[in-house]
Amino acid sequence: MNNKPLILVVDVGNTNTVFGVFQDGVTEPDFHKRTVTRRDRTSDELGLFLKGFLSHENVDYNRIKKAIYSSVVPSLNPIVERMLEDWFGVNPIRVHFQMKLNFEIIYPRPFEIGADRLVNAAFAVQNFKNQNIIIIDLGTATTFCVINRKAQYVGGVIAPGLKISMDALTRNTAQLPPIVFEPPEKVLGGSTIESIQSGFYYGWAGLLKGIVSEIKKELQEDYKVLGTGGLVTTIHQSGANVFDEVDPTLTLKGLRILADLQG
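Using numbering that gives the first Met the number 0, the first residue of the sequence shown is number 0, and each one after it goes up by one.
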């Protein structure tokens, strides 16, 4: 019977909150689930919700001995912390720029770096030592984080998010329908839906490639490009040739790394 301690990780985003559970010393999550971020949820609602997910996946939540969370929604921080304390009996670790990190921040305003970006950087430094890395996270916003081969967080770029842009287009135009993001068969669409899909697919592939190209040009070095976020697999598998590697659970793995660093 496996009685290894478990680490619970929580990534609170503007659109979605993702939970994951890792066995101590294991780099892949045993379990991860995504739910819509709701600012009106109580700590008890969140705790009941998460325990229900864990029970459904046959995860023994009594083995959870450590918890860490990153959040870009400050109003939810006390709710998440109370949930972790009351429902799992752990003292949660909150990700912030002054905690123990496995990289140096040379960005001029470190207090402005989102917790999710710190977590992504921790993953890159741990897994791609002595390499220049660009991490692209396709979330509510599209973020680019640059880590150099000296394990220094240099800076980044923030662009609009893909899904929020799609929603804004269909919400603010009378005749354009909502669509599912997927690669079109050809550039020129034969219908309104195909045309929108083409515009977003090729538009976002061009945005990602263009910004990566400009970063490399400005820094005059080559960079390995990692991708994560909800829609990253769709873009990568379609042959857009943007990413060297993709990992939808990259942020959760970064949280586990930071949890280990805190002792």
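Glycine residues also receive a C-beta, built at the ideal position from the N, C-alpha and C atoms.
Check	Outcome
With distances taken Cα to Cα, identify the nearest neighbour of Phe242 among Leu254, Gly253, Val224.	Val224
Just reading off the alpha helix (DSSP H) that Ile210 is part of, what are its end residues?	191–218
Using DSSP's beta-bridge definition, name the partner residues of Tyr222.	DSSP lists no partner for Tyr222.
For Lys99, I'd like the list of residues in its chain whose CB is within less than 7 Å of its CB, leaving aside the five on either flank, ordered along the chain.	Leu260, Gln261
Which value, in whole angstroms, describes the spacing of the CA atoms of Gly202 and Lys185?	13 Å
Who does Lys185 pair with in a DSSP beta bridge?	BP columns for Lys185 are empty, so no partner.
Determine which residues share a DSSP beta bridge with Lys252 and list them.	Bridge partners of Lys252: none, in fact.
Under three-state DSSP, which class holds Ile63?	strand
Is the beta carbon of Thr250 less than 8 Å from the beta carbon of Val118?	yes
Could you say if the stretch 200–215 and the stretch 96–115 meet the contact criterion of at least three C-beta pairs nearer than 8 Å?	no
Starting from Lys32 and walking both ways along the beta strand (DSSP E), at which residues does that stretch end?	30–35
What are the boundary residues of the alpha helix (DSSP H) that Val79 is part of?	76–87
Buried or exposed for Met0, going by 16 or more other Cβ atoms inside 10 Å?	Legend: pLDDT at Met0 = 45, less than 50; position of this residue unreliable, value from coordinates given subsequently. The residue in question, Met0, is exposed, as its Cβ has fewer than 16 Cβ neighbours within 10 Å.
Excluding the 5 residues flanking Asn131 on each side, which residues of the same chain have their C-beta closer than 6 Å to its C-beta?	Asn147, Arg148, Glu220, Tyr222
In angstroms with no decimal places, state the Cα-to-Cα distance between Pro107 and Gln97.	14 Å
Taking just the CA atoms, how far does Ile133 sit from Thr139?	18 Å
How about Ile78 and Leu45: are their beta carbons less than 8 Å apart?	yes
Find the nearest neighbour of Arg40 within the set Asn240, Val11, Asn2, judged by alpha-carbon distance.	Val11
Would you tell me roughly how many angstroms separate the C-alpha atoms of Asn101 and Pro177, rounded to the nearest one?	42 Å
Within the continuous beta strand (DSSP E) that includes Asn15, where are the two ends?	15–22
On the three-state DSSP scale, how would you describe Ala114?	helix
What's the gap between the Cα of Val94 and the Cα of Ser164?	28 Å
Relative to the alpha-carbon of Ile135, which residue among Gln151, Pro183, Leu161 has its alpha-carbon at the smallest distance?	Leu161
State the DSSP-derived secondary structure class of Gly160, mapped to helix, strand or coil.	coil
Leaving out five residues before and five after Gly154 in sequence, what residues of the same chain have Cβ atoms less than 7 Å from its Cβ?	Tyr106, Val145
Does the beta-carbon of Gln174 have 16 or more other beta-carbons within 10 angstroms, so that it is buried, or is it exposed?	exposed
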